[in-house]
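Participant: Each protein sequence line maps, in turn, to chains S and F.
Count the first sequence with the numbering used here and you get residues 1 to 110, in order.
Count the second sequence with the numbering used here and you get residues 111 to 223, in order.
Ideal placement from N, C-alpha and C gives every residue a C-beta, glycine not left out.
Right, I'll just put the structure down here and ask away after.
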Amino acid sequence: GQQVMQIPQYQHVQEGEDFTTYCNSSTTLSNIQWYKQRPGGHPVFLIQLVKSGEVKKQKRLTFQFGEAKKNSSLHITATQTTDVGTYFCAGLNNFNKFYFGSGTKLNVKP
Amino acid sequence: EPEVTQTPSHQVTQMGQEVILRCVPISNHLYFYWYRQILGQKVEFLVSFYNNEISEKSEIFDDQFSVERPDGSNFTLKIRSTKLEDSAMYFCASKGGERDEQFFGPGTRLTVL
Chain S
1 GQQVMQIPQY QHVQEGEDFT TYCNSSTTLS NIQWYKQRPG GHPVFLIQLV
51 KSGEVKKQKR LTFQFGEAKK NSSLHITATQ TTDVGTYFCA GLNNFNKFYF
101 GSGTKLNVKP
Chain F
111 EPEVTQTPSH QVTQMGQEVI LRCVPISNHL YFYWYRQILG QKVEFLVSFY
161 NNEISEKSEI FDDQFSVERP DGSNFTLKIR STKLEDSAMY FCASKGGERD
211 EQFFGPGTRL TVL
């Protein structure tokens with residue numbers, strides 16, 4: 001069945017270092033969304049990517065959608081302690097069903 | 111800013127009991143979802159609801175689960191006979207249009223003893 005895999009599972013970085021999480025789907029996606037969940041909180045929407053090869057930026061965050069619309073990445077430049085949390089991708093397939101990735105838990109050491 | 115609300119924030123129940131988790135989605139939204147998240151694990155899709163009927167459900171959403179939109183505002187998840195493994199955080203989410211972002215509620219932590 002449809003799967004959305006996300007790596008790495010955990011990432012520990014020193015404040016100021018960069019961070020990247022990768023999301024891969026077993027099938028082509030209609031679009032992909034990224035969410036951030038702070039410890040003890042609920043997922044909060046960050047961004048949606050729709051077009052093949054699309055790149056979007058939000059300040060220090062850069063989101064990419066692969067040409068084949070099967071993979072995506074989130075890159076954070078110069079991490080800060082406020083970036084701590086779990087980052088989930090969620091892919092919408094052609095049957096309008098969302099599949100969440102397993103998430104990447106980011107810890108930033110000051 | 112409009113938000114999704116959920117009650118209760120924490121529910122403790124005995125195994126075999128029925129529970130109803132309640133959600134009030136954002137008022138002009140049309141698509142409604144329930145997800146669960148076992149502690150430390152990923153968010154798992156349970157069910158989606160549109161136009162007063164279930165549009166998709168996962169393998170987790172078996173006969174013990176049901177959803178209702180009893181009036182114009184509430185969206186409920188009922189677990190008929192809870193099991194220990196139903197212990198998790200349950201999130202409700204809603205969205206306005208088919209390809210819009212989902213807005214998540216704060217969740218209900220269900221503990222089954």
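Check whether chain F comes within 8 Å of H42 of chain S, counting only Cβ atoms and requiring the distance to be less than that.
Facilitator: For H42 of chain S, the answer is yes, since a Cβ of chain F falls inside 8 Å of its Cβ.
Participant: Less than 8 Å between the beta carbons of L74 of chain S and T21 of chain S, yes or no?
Facilitator: Contact: yes.
Participant: Identify each residue in the stretch 200-211 of chain F for which the Cβ-Cβ distance to at least one residue of chain S is less than 9 Å, and report them in chain order.
Facilitator: Flagged, chain order: F201, A203, E208, R209, D210, E211.
Participant: Which residue wins for smallest C-alpha separation from M5 of chain S, given the options S:T104, S:F19, S:G66?
Facilitator: Comparing Cα positions, the closest option is S:T104.
Participant: Considering only the alpha carbon of each residue, which of S:Q11, S:E67, S:F88, S:T82 lies closest to V50 of chain S?
Facilitator: Comparing Cα positions, the closest option is S:E67.
Participant: When the distance is taken between beta carbons, is G85 of chain S closer than 8 Å to L106 of chain S?
Facilitator: Yes; because the gap between Cβ atoms is below 8 Å, this pair is in contact.
Participant: For chain S, find out if any of its Cβ atoms is closer than 8 Å to the Cβ of F185 of chain F; answer yes or no.
Facilitator: With 8 Å as the cut-off, F185 of chain F does not count as an interface residue toward chain S.
Participant: For the beta strand (DSSP E) containing E128 of chain F, name the first residue and the last one.
Facilitator: First-last for E128 of chain F: undefined, no H or E at that position.
Participant: Looking at G217 of chain F: is its Cβ nearer than 8 Å to the Cβ of Q116 of chain F?
Facilitator: Closer than 8 Å, so yes.
Participant: Write down the C-beta distance between N71 of chain S and Q48 of chain S rounded to the nearest angstrom, noting that I regard them as a contact closer than 8 Å.
Facilitator: The Cβ separation is near 16 Å, so there is no contact.
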